[in-house]
Amino acid sequence: MVNNVKHSEKVQKNKEPLQSNNSSSANQTKHEITPRPNERIDIELFDFWVDNLDCDTQQSLLSFAEETFSVIQIYLYAKFLGYRGSITSCEAWVNKKYPKPDHLRVLLFEIDEMQEDIRKLRLDIENYAVKRDSGVARIAAMQKELRSTISQVNTFVSVKDKKSLLLTGADRALRELQSIFKDDIFEEPLREASLSVWAKIQYED
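Numbering of the sequence shown is given in our numbering, commencing with residue 3 and proceeding in unit increments.
This is the structure we're talking about:
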């Protein structure tokens, strides 16, 4: 009988660490997914970098950030000017200082709305609320408009992706050239020429 009691106590003690470990494991998992970037600090980090640029370079970046819709392209341009931080800080700064319209979201919303309108019209035709001939003609016109909007989305995404890739390649090439001619007599003229090349690529379709 005594042996059974001791055996029961031993089993209970062995179970306790397992429960503690499970709780610890759950806490660790929760801790890993909880942290989120501090947007205010991110903005201040990028702001500090911008404030320390020389006047001409700073104005060039601010003008570029104001006129360009793509955060990725602004980030690449900042990298081209010597920024070494993360895209998170750049994105937080852009969203605060120069918020951009989300054209892609607008187009996708329009697609959802048109699809819903077509669905409702088909339902009206089935319920004889709309004459079949006129309803079918309207559906054909709406489907044509829907295909056009989908084509706009595809073009928008394709052009944006291609331009970002092009600027990424240009950034890498110009950066390598500046590295090769660092502390050389041609360094400053090369830097000015690089800015001109970047601007030309940026505003080409």
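Yeah, the Cβ is synthetic: ideal placement off N, Cα and C, and Gly gets one too.
Burial state of residue i (16 or more Cβ within 10 Å)
i, result
"Cys92", "buried"
"Tyr130", "exposed"
"Phe82", "buried"
"Asp173", "buried"
"Glu106", "Just to set this straight, residue 106 is Leu in the shown sequence, not Glu. Answer is exposed; the Cβ neighbour count stays below 16."
"Leu176", "buried"
"Leu125", "exposed"
Best match in the options for proximity to residue i [C-alpha to C-alpha]
i, options, result
"Val96", "Phe158, Leu55 and Ser65", "Ser65"
"Ala67", "Lys146, Arg86 and Lys99", "Lys99"
"Ala142", "Leu78, Glu112 and Met116", "Met116"
"Asn156", "Leu110, Arg42 and Ser136", "Leu110"
Between the CA atoms of residue j and residue i - distance to the nearest angstrom
i, j, result
"Leu123", "Glu69", "41 Å"
"Met144", "Lys133", "16 Å"
"Asp104", "Phe158", "12 Å"
"Lys102", "Asn54", "25 Å"
"Ala195", "Gly171", "16 Å"
"Arg121", "Leu148", "13 Å"
"Ile76", "Tyr85", "11 Å"
Cutoff 7 Å; reference residue i; Cβ partners in own chain excluding five residues on either side
i, result
"Ala80", "Leu63 and Cys92"
"Leu192", "Leu179, Gln180 and Phe183"
"Val52", "Gln60 and Leu63"
Own chain partners of residue i with C-beta closer than 6 Å, once the 5 adjacent residues on each side are dropped
i, result
"Val73", "Glu93 and Val96"
"Asp44", "Thr90, Ser91 and Ala94"
Residues near residue i in its chain [Cβ-Cβ closer than 8 Å; skip 5 each side]
i, result
"Leu47", "Gly87 and Ser91"
"Asp119", "Met144"
Whether residue i touches residue j by CB criterion (8 Å)
i, j, result
"Ile113", "Thr151", "yes"
C-beta neighbour in chain B for residue i, strict 8 Å
i, result
"Val52", "Looking at the structure shown, chain B is missing, and only one protein chain is on hand."
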